[in-house]
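Notes to accompany the following structure.
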Amino acid sequence: MVPVVSAVGHETDVTLTDFAADVRAPTPSAAAELVVPVLTELADRLEMLIGRARQTITAQCLDQHQRLDLALAQMGHIRLRILKEAQRVDEAVAGMREATQVKLRGAMVDIQAWTQALMAHNPVFHVRRDLGIVPQLQSRLTVAMGHVLTQKMQLTRSTLWRLNGLSPLAILERGYAILETVPRHQIIRDVGQVAVGDEVVARLTNGQVRCTVNDVASNPSVSNRTGASL
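Numbering (the working numbering), first residue to last: 859 to 1088.
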């Protein structure tokens, strides 16, 4: 709704327009000051939007970082869980990127609306000149958001590399094997679980080998360790 301002100027009596108007001003110049927004208010509003965007993105980054730390603390030796946590990190990064783009688009729409309103109602030419600060602030915000996203992507890659080092498959690739009983497929941790003539399965990084136990010998020099000669 466009406000109606009565600004006859230097009148000696009350005019009818004073009763019909939303606001009465003593002169046309004073009316222009009442209607046109102040540039400093627009700049303050823009700074507030930038601060909110920065706080929101920082909070989201901290939240996702805490989630990732919690996942690392609870990480076991199961590859399926590692892949699941990695997927959650990817989704969180994608969500942050999308949220940032939405906020930037919203800020751009607000800036354009304020610019059009100011150009339509303010005849003073220096206001147009001062609007040049808007693209500069937008550029600074874009650069800052790019730095934040780059840092978080580097942290994500580093974390995924650490998670891959904990994977059971990475251990198998170094030449180790996992022995399982047949047919129950229980992991063999002690020589007492097998006997001569039993069949076992040795799981390797690229397949499995079915073996028969020919001899069983314990190693008394190492506690809580087992050995089997196949």
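Note that CB positions come from ideal geometry on N, CA and C, so glycine has one too.
Alpha-carbon spacing of residue i relative to residue j, whole angstroms
{"i": "Val-967", "j": "Gln-959", "result": "12 Å"}
{"i": "Leu-1021", "j": "Gln-1009", "result": "19 Å"}
{"i": "Gly-1085", "j": "Ile-940", "result": "Its pLDDT being 43, under 50, Gly-1085 is placed unreliably by the model, and the measurement read from it follows with that caveat. Their backbone Cα atoms lie some 30 Å apart in a straight line."}
{"i": "Met-906", "j": "Val-893", "result": "22 Å"}
{"i": "Thr-914", "j": "Ile-908", "result": "10 Å"}
{"i": "His-923", "j": "Thr-916", "result": "10 Å"}
{"i": "Ala-878", "j": "Ala-889", "result": "15 Å"}
{"i": "Gly-1041", "j": "Gln-1066", "result": "It should be pointed out that residue 1041 corresponds to Pro in this sequence rather than to Gly. Between Pro-1041 and Gln-1066, the C-alpha separation is close to 14 Å."}
{"i": "Thr-1014", "j": "Leu-1037", "result": "34 Å"}
{"i": "Ala-965", "j": "Val-872", "result": "44 Å"}
{"i": "Arg-998", "j": "Gln-974", "result": "22 Å"}
{"i": "Ala-1002", "j": "Leu-995", "result": "11 Å"}
{"i": "Glu-899", "j": "Trp-972", "result": "11 Å"}
{"i": "Thr-1039", "j": "Glu-949", "result": "39 Å"}
{"i": "Gln-1012", "j": "Gly-1004", "result": "12 Å"}
{"i": "Ala-957", "j": "Ala-1028", "result": "36 Å"}
{"i": "Thr-1000", "j": "Leu-938", "result": "37 Å"}
{"i": "Ile-1045", "j": "Arg-963", "result": "55 Å"}
Other residues of its chain near residue i: CB distance less than 6 Å, five sequence neighbours each side excluded
{"i": "Pro-884", "result": "none"}
{"i": "Gln-918", "result": "Met-954"}
{"i": "Leu-1018", "result": "Ala-944"}
{"i": "Gly-1033", "result": "none"}
{"i": "Ser-1076", "result": "Val-1049"}
{"i": "Val-1071", "result": "Val-1052, Val-1054, Asp-1056"}
Test item: CB-CB of residue i and residue j under 8 Å
{"i": "Ile-991", "j": "Ala-911", "result": "no"}
{"i": "Leu-1030", "j": "Leu-1007", "result": "no"}
{"i": "Val-881", "j": "Thr-875", "result": "no"}
{"i": "Ala-929", "j": "Glu-943", "result": "yes"}
{"i": "Leu-926", "j": "Val-947", "result": "yes"}
{"i": "Ile-969", "j": "Leu-1024", "result": "no"}
Beta-carbon proximity list for residue i, same chain, < 7 Å, skipping 5 on both sides
{"i": "Arg-1068", "result": "Glu-1057, Val-1059"}
{"i": "Val-1074", "result": "Val-1049, Val-1052, Ala-1053, Val-1054, Ala-1086"}
{"i": "Pro-993", "result": "none"}
{"i": "Asn-1064", "result": "none"}
{"i": "Ala-1035", "result": "Ala-1060, Arg-1061, Leu-1062"}
For residue i, the residue or residues it bridges with in DSSP
{"i": "Glu-1057", "result": "Thr-1070"}
{"i": "Ile-1036", "result": "Arg-1061"}
{"i": "Ile-1045", "result": "Glu-1038"}
Residues of its chain near residue i, where Cβ-Cβ distance is below 8 Å and the 5 sequence neighbours each way are ignored
{"i": "His-1043", "result": "Val-1059"}
{"i": "Ser-1016", "result": "none"}
Inset, instruction - Kindly provide the ranges of any alpha helix (DSSP H) runs that are 4 or more residues long and lie completely inside the stretch 876-956, ordered along the chain. - result: List check, alpha helix (DSSP H) in window: 886-893, 897-931.
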